[in-house]
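**Q** Residue numbers (the numbering used here): 16 to 395.
Even for Gly, the Cβ is constructed at its ideal location relative to N, Cα and C.
Right, I'll just put the structure down here and ask away after.
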């Protein structure tokens, strides 16, 4: 009997195709700024996403009784709203079944309309602007507290715990920076109606020279300066504050509250000068889960968690759990399950309200001691 050897490669290909067909592939998109001034935070988010995907595949997840393989499509928005919408459309065109991201509110908000129009669920692990969920998009969720709570809590803390009476406010003109600064002022005035906001200044999210606005602020002698923006700007701004002899306390939101701040600010981030808040955090009874995650992260990447990697990890896991409960990775079918999810993550319990905001989101207040971020308290 003669065999047609030309058919052998074709037969092998069919065999592999049959093997691959036994396992459905679920594609999840992830977007963060892995270029630009916040690239260290974006890469941190990517690492968290990759850890979650690896863990899901190691578990051998089945959906509706069938083995599945999760893959992730990583995209870079550079922290730029226009680039954010471009990569959002790219993910839609790639037929991803869900999106984790974006990091910045300024990119998350415009991208969310594109995902909503396509019916693709989106979970942001970091965007805190209330405007994200105020749009009423049924596809939009977040796993961190928003600026109403974050900024308001910091404002209250500034006047009640730090004794601030004269406050200066600087923001970077982004959706996040303006939003958290505005909520800070509201929180401070609500807690102490007599507090004075002696200056309101603004810069950009790419600025490096702050001497003009700081000189103006110095003349007004504030006892606290609040900065609404990211660490890449907030760190150098603090450094220049010290150079000008400004001795005010310094405060900011989650964008400032990173392990990288002492490197960016130098010795200006001296003991007790900075107070900041992370839009998340765990109570003492859940601390071990977070500690275990951080230890795994450090072992794998040879660096500490920067900020939101644990929240990215949980966001991926929550999305996967919704698919498991729905017995489908079809966005239209698992979206209702996502809206009603109850999940215990490394960052704590996760469920969403009718807007897509996390229920009972926590905040963690930090300062810096000997060049290291030091937890002060968790606020529920």
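1) Taking the continuous alpha helix (DSSP H) assigned at residue 11, which residues delimit it?
2) Note down the Cα distance separating residue 63 from residue 234, rounded to an integer number of angstroms.
3) DSSP three-state label for residue 139, please.
4) Assuming residue 429 contacts residue 143 (C-beta within less than 8 Å), just tell me the rounded distance between them.
5) Ignore the nearest five residues each way along the sequence and tell me which others in residue 153's own chain have a CB closer than 6 Å to its CB.
6) Considering only the alpha carbon of each residue, which of 201, 280 and 131 lies closest to residue 165?
7) If we count the other Cβ atoms within 10 Å of its Cβ and call it buried at 16 or more, is residue 40 buried or exposed?
8) Alpha carbon to alpha carbon, how far is residue 162 from residue 199?
9) Strictly by DSSP, which residues pair up with residue 85?
10) Evaluate the contact criterion for the segment 63-80 versus the segment 317-335: three or more CB pairs, one atom per stretch, below 8 Å.
11) Mind reading off the beta-carbon distance from residue 170 to residue 141? Whole number of angstroms is fine, and I expect it under 8 Å.
12) What are the start and end residues of the beta strand (DSSP E) that includes residue 157?
13) Report back the beta-carbon spacing between residue 296 and residue 377 to the nearest angstrom; my notes put them in contact at under 8 Å.
14) Opposite residue 46 in the DSSP bridges: which residues?
15) By the DSSP assignment, the beta strand (DSSP E) with residue 251 in it spans what residues?
16) What first and last residue would you give for the alpha helix (DSSP H) that runs through residue 170?
17) For residue 181 versus residue 213, is the C-beta spacing smaller than 8 Å?
18) Quick check: what's the CA-CA separation for residue 389 versus residue 151?
19) Counting only the same chain and skipping the five closest in sequence on each side, list residues whose C-beta sits under 6 Å from that of residue 308.
20) Contact between the segment 337-345 and the segment 281-289: three or more CB pairs below 8 Å?
21) Here's the rule I'm using: 16 or more other beta-carbon atoms within 10 Å means buried, otherwise exposed. How should residue 178 be labelled?
22) From residue 217 to residue 333, what does the alpha carbon distance come to, in whole angstroms?
23) So, for residue 232: in the same chain, excluding its five sequence neighbours on each side, which residues have a beta-carbon less than 6 Å away from its beta-carbon?
24) I'd like the span of the beta strand (DSSP E) that includes residue 378, first residue to last.
25) Taking all protein chains shown into account, decide if residue 260 is buried (16 or more other Cβ within 10 angstroms of its Cβ) or exposed.
**A** Reading off the structure:
1) Since the first and last residues shown for the chain are 16 and 395, residue 11 lies out of range.
2) 44 Å
3) strand
4) With the chain covering only 16 through 395, there is no way to say anything about residue 429.
5) none
6) 201
7) exposed
8) 9 Å
9) 41
10) yes
11) That pair is no contact at about 21 Å.
12) 155-157
13) 5 Å
14) 90
15) Segment 246-258 is the alpha helix (DSSP H) holding residue 251; no beta strand (DSSP E) there.
16) 162-175
17) yes
18) 37 Å
19) 325 and 361
20) no
21) exposed
22) 37 Å
23) 183 and 214
24) 378-384
25) exposed
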